[in-house]
Amino acid sequence: MPGFEYLLDALTPLNILLALGGVIAGTVIGSLPGLTATMAVAVLVPVTFSMAPASALILMGAIYTGAIYGGAYAAILLNTPGTPSAIATTFDGFPMAKRGDGDLAVTLACLASVSGGLVGAAFLLALAPPLATVALAFGPVEYFWLAVFGLTLISALSEGNLLKGLIGACFGLLLSGVGVAEISADVRFTFGSQVLLGGIETVSALIGLYCVPVLIDLVATPDRHLKVTHAPRGFRLAEALTISWRHKWNLLRSSVIGTLVGILPGAGGSIAGLVAYSEARRVSRRREHFGQGEPEGVQATESANNATVGGGFIPTLVLGIPGTPPDAVILGALLIQGVRTGPNLFTEEGSIVYTFIYGLFLATILMLPAGLVIGRYAYKTIVTVPKAMLVPTVAFMTLIGTYSIRNSVSDVIIMITLGVVGWILNRVGFSPSPIVLGLILGRIAEQGFVQAWIIGAATENLTGMFFGRPISLGIIAFIALSLFYPMVRARWVGRRRKIDAD
Amino acid sequence: MRTEAVPGAGGRDLGGMVACALFILLAVVALWDTTSMTDSDSYVFPRTVALAMIVFCLAYVGWQLLWPRSAEAGTATAGSTPRRVGLVLAMLGAAALMPWLGFVICGVVAFGSITVLAMYDTWTPRRLLVYPLVGMAVVVGFYFLFAELLLVPLPLGTVFE
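So the sequence lines, in the order shown, correspond to chains A and B.
The first sequence: position 159 = 176 (the working numbering), numbered continuously.
The second sequence: position 116 = 134 (the working numbering), numbered continuously.
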């Protein structure tokens, strides 16, 4: 194993304390709607200037890891993904919580996050330089198709409503165009309103489309938010471990998917969970239970999204291309510390990089006890707090969380408006997930589309630009598969049943 | 991930079809807005998306007309509509008045209003004492976390300046 001697450097009491503190802080921050890992890492950057570079990196990496896992709490217990990468966690996590298995879902999410985090860190440790070339192989058109792939995946996951999913994705893409255009700086879809000039902030939209409809329904009835079981069941760790062991290949596959997709800057985090979820459902014997509270779904998403932490660090450290916003902040902190990223980083600055990677392992392992305890507390709080306290507290958190992203009251009003629109659309069968993902991936899709369009037009080969590159063709094949596989399979199963009946 | 839809007359998804009509209208408005843009970089993508949205909406409506499919029954009318509207108004009111009245006052008022809206149990003397205290603690606690620790400039209110 490379740089094994640096393991001992990572295991100093100070580093262990920083990793544990970082994981706890990150988990708590990630669980609050509106508070993001980026914000937490950015606030801590000045504090890390006085630390040794490796210790500073360990602290920031631990916060990042914890925040990604913390996003699962809100997804499972409130049906509100704390981060975009936890969108798919709501599909099965919330139904599990609704039927009284929220404690099991939280423990499963913790185990899956730890597994994913360890696999991601292992790839970072062993294969970072060769894997970084994957990120370079993706040009604008590949990013465009990747965004389309993410959108078709989530549309296909909107059960029985593929067309509605695609319409929702288009709605999200149009919403992403509000404000100043990414490439040409034209003002679009503002209709003269200054409020819309800044565009629609994605985390605000995420909070509005997921959390506000839940609140609107919560306040309307005296029913409890989640089913309460009075028998004390502890962490349900043994049960969760049994399920995790039974579906170990799901965990491993989802973690590898998360790492590989996480390598792609920008798009990785949002898409990884969806790809892993879709793949888990495709190969599962219980695929018809997905979306109704299937533990495999929670495992797939949570292992994949935590694996993106290690995956995202690969292009950040090897190429200097940050995979996610927290990676960008950490990259900035690295540069201030005098560390120059690049292909030679692993040889020239080995002591820092390997100590950091082992620190990431350490933080991920410490996430197990910390995550279990915090998860248990979060679950108990949500199920025992009276509705008259839960609803105003969550509503208040959405207000302050949204405001704090850009210090903007307009964002809060847009968030509430989108929440009402999302509630109405949900009543007529439009899921919020494709809309939110359209909004998140809109900028990546547009940038890729327009750049490819310009290159194609300049070379007078638009068709070849969009449909002639090998990686693009591969992604297009996956898009077709995600759109048509469920239909083909349903027809095939129907025909098989008919033959068997005859 | 299941979505709920309100079944329409004749087994058709009437709500979905109305939503599709509104989405088509939205796409047409978006297309119209792009006519004011001079740079093709600005309009090529939104136009493509708007056209795709129109195609998908027409396909859905056509599908429903040709092969009517009863949608899943939803819970659209279950529960109290006045409480739902009250929640939205309380949140919007707090957001709109925040620049004038400041974060803490708007937060406390919104918290109190929503507590009343979400209250289904009887108001006992203990609840009358504890709930407002908890509300104050939550608002002030979050104010301290965001304003003092995370250095978010929360509005103080122009009325009090």
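From the three backbone atoms N, C-alpha and C, an ideal C-beta is built for every residue, glycine too.
- Query: Can you tell me the Cα-Cα spacing of residue 103 of chain A and residue 87 of chain A, whole angstroms?
  - Reply: The count along the first sequence starts at 1 and reaches residue 103 of chain A at position 86. The count along the first sequence starts at 1 and reaches residue 87 of chain A at position 70. Their backbone Cα atoms lie some 9 Å apart in a straight line.
- Could you round the C-beta distance between residue 185 of chain A and residue 34 of chain B to whole angstroms and report it? I think they count as a contact, below 8 Å. The residue you call residue 185 of chain A lines up with position 168 of the first sequence. The residue you call residue 34 of chain B lines up with position 16 of the second sequence. The beta-carbon separation of residue 185 of chain A and residue 34 of chain B, rounded to 11 Å, does not stay under the 8 Å limit for a contact.
- Message: The alpha helix (DSSP H) that contains residue 149 of chain B, what's its start and end?
- Response: Here residue 149 of chain B corresponds to residue number 131 of the second sequence, with the count starting at 1. Where residue 149 of chain B is concerned, the enclosing alpha helix (DSSP H) stretches over 143-161.
- Message: Need the endpoints of the alpha helix (DSSP H) that residue 129 of chain A sits in, please.
- Response: Taking the first residue of the first sequence as position 1, residue 129 of chain A is located at position 112. In the DSSP assignment, residue 129 of chain A falls within the unbroken alpha helix (DSSP H) covering 119-154.
- Message: Measuring alpha carbon to alpha carbon, tell me which residue in B/160, B/141 and B/130 is nearest residue 52 of chain A.
- Response: In the first sequence, counting from the first residue as 1, residue 52 of chain A sits at position 35. Nearest C-alpha to residue 52 of chain A: B/160.
- Message: With a threshold of 9 Å between beta-carbons, can residue 186 of chain B be considered close to chain A, or not?
- Response: Outside the displayed span of chain B (19 to 179) sits residue 186 of chain B, for which this structure offers no information.
- Query: Are three or more beta carbon pairs between the stretch 357-365 of chain A and the stretch 303-322 of chain A nearer than 8 Å?
  - Reply: no
- Message: Using C-beta distances below 7 Å, list every residue in its chain close to residue 33 of chain A, excluding the 5 sequence neighbours before and after it, in chain order.
- Response: Start at 1 with the first residue of the first sequence, and residue 33 of chain A comes out as number 16. So the list reads 379, once near-sequence residues are dropped.
- Task: Report buried or exposed for residue 26 of chain A, applying the criterion of at least 16 other Cβ atoms within 10 angstroms of its Cβ.
- Result: Sequence index remark: in the first sequence, residue 26 of chain A carries index 9 (1-based). Buried.
- 8 Å CB neighbourhood of residue 82 of chain B in its chain, flanking five on each side removed: Indexing the second sequence from 1 puts residue 82 of chain B at position 64. Excluding residues within five positions, the ones whose Cβ falls inside 8 Å are 30, 31, 34 and 35.
- Message: With a threshold of 8 Å on Cβ separation, who are the neighbours of residue 66 of chain B within its own chain once the five nearest residues in sequence on each side are excluded?
- Response: Taking the second sequence and counting its residues from 1, one reaches residue 66 of chain B at position 48. Within the same chain, residue 66 of chain B has no close Cβ partners at all.
- Item | For residue 277 of chain A and residue 336 of chain A, the rounded distance between their alpha carbons | Translated into positions along the first sequence, residue 336 of chain A becomes position 319. Translated into positions along the first sequence, residue 277 of chain A becomes position 260. Just so you know, the alpha carbons of residue 336 of chain A and residue 277 of chain A end up roughly 16 Å apart.
- Just the Cα atoms here: how many angstroms apart are residue 134 of chain A and residue 429 of chain A? For the purposes of this step, residue 134 of chain A is taken as the residue at position 117 of the first sequence. For the purposes of this step, residue 429 of chain A is taken as the residue at position 412 of the first sequence. Using only the alpha carbons, I get a separation of about 33 Å.
- Message: Taking a contact to mean a Cβ-Cβ separation below 9 Å, would you say residue 263 of chain A touches residue 296 of chain A in this structure?
- Response: By 1-based counting over the first sequence, the position of residue 263 of chain A is 246. By 1-based counting over the first sequence, the position of residue 296 of chain A is 279. No; because the gap between Cβ atoms is not below 9 Å, this pair is not in contact.
- Task: Please report the residue range of the alpha helix (DSSP H) in which residue 482 of chain A lies.
- Result: Counting from 1 along the first sequence, the entry for residue 482 of chain A is found at position 465. Unbroken alpha helix (DSSP H) run through residue 482 of chain A: 479-484.
- Item | chain A contact residues for residue 122 of chain B, given Cβ-Cβ distances below 9 Å | Translated into positions along the second sequence, residue 122 of chain B becomes position 104. Near residue 122 of chain B there are no residues of chain A at all, since even the closest Cβ is about 11 Å away, more than 9 Å.
- Task: Kindly list the residues whose CB is nearer than 7 Å to the CB of residue 24 of chain A, restricted to its own chain and excluding five residues on each side of it in sequence; keep chain order.
- Result: Looking up residue 24 of chain A in the first sequence gives position 7. Closer than 7 Å at the Cβ level, and outside the excluded window around residue 24 of chain A, lie 375.
- Please confirm whether residue 158 of chain A and residue 373 of chain A have their CB atoms less than 9 Å apart. Locating residue 158 of chain A in the first sequence gives position 141, where the first residue counts as 1. Locating residue 373 of chain A in the first sequence gives position 356, where the first residue counts as 1. Against a cut-off of 9 Å, the Cβ pair of residue 373 of chain A and residue 158 of chain A comes out as no contact.
- Query: Which word fits residue 515 of chain A, buried or exposed, when buried means at least 16 other C-beta atoms lie within 10 angstroms of its C-beta?
  - Reply: If you number the first sequence from 1, residue 515 of chain A lands on position 498. So residue 515 of chain A ends up on the exposed side.
- Does residue 404 of chain A come within less than 9 Å of chain B when only Cβ atoms are used? Residue 404 of chain A sits at position 387 when you count from the first residue of the first sequence. So yes, residue 404 of chain A belongs to the interface.
- Quick one: what's residue 197 of chain A bridged to in DSSP? Residue 197 of chain A sits at position 180 when you count from the first residue of the first sequence. Bridge partners of residue 197 of chain A: A/204.
- Message: What would DSSP say about residue 445 of chain A, mapped onto helix, strand or coil?
- Response: Indexing the first sequence from 1 puts residue 445 of chain A at position 428. Strand, per DSSP.
- Quick one: complete beta strand (DSSP E) runs, 3+ long, within the stretch 61-111 of chain A? none
- Query: Three-state secondary structure (DSSP) at residue 85 of chain B?
  - Reply: Residue numbering aside, residue 85 of chain B sits at position 67 when the second sequence is read from its first letter. Coil.
- Using the beta-carbon of each residue, which ones in chain B are nearer than 9 Å to residue 421 of chain A? To locate residue 421 of chain A, count along the first sequence from 1; it is residue 404. Result: 164, 168, 170 and 172.
- Task: Pull up the distance between the alpha-carbon of residue 158 of chain B and that of residue 287 of chain A, whole angstroms please.
- Result: Here residue 158 of chain B refers to the residue found at position 140 of the second sequence. Here residue 287 of chain A refers to the residue found at position 270 of the first sequence. So the two alpha carbons sit approximately 34 Å from each other.
- Anything in the stretch 195-216 of chain A with a Cβ closer than 8 Å to a Cβ of chain B? List those residues in chain order, please. 198, 200, 201, 203, 205, 206 and 208
- Identify the contact partners of residue 322 of chain A in chain B, using a Cβ-Cβ distance below 9 Å as the criterion. Residue numbering aside, residue 322 of chain A sits at position 305 when the first sequence is read from its first letter. Those within 9 Å of residue 322 of chain A in chain B number zero; the least Cβ separation is about 16 Å.
- Message: Please report the straight-line C-alpha distance between residue 130 of chain B and residue 399 of chain A, rounded to a whole angstrom.
- Response: Position 112 of the second sequence, counted from the first residue, corresponds to residue 130 of chain B. Position 382 of the first sequence, counted from the first residue, corresponds to residue 399 of chain A. Each residue's alpha carbon lies about 19 Å from the other.
- Is the shortest distance between the beta-carbon of residue 29 of chain B and the beta-carbons of chain A less than 9 Å? Counting from 1 along the second sequence, the entry for residue 29 of chain B is found at position 11. Taking Cβ atoms only, chain A never reaches closer than 9 Å to residue 29 of chain B, which makes this a no.
- Give a yes or no on whether the minimum CB-CB distance between residue 71 of chain B and chain A is below 9 Å. What you label residue 71 of chain B is simply residue 53 of the second sequence in a count that begins at 1. Yes - at least one Cβ of chain A is within 9 Å of the one on residue 71 of chain B.
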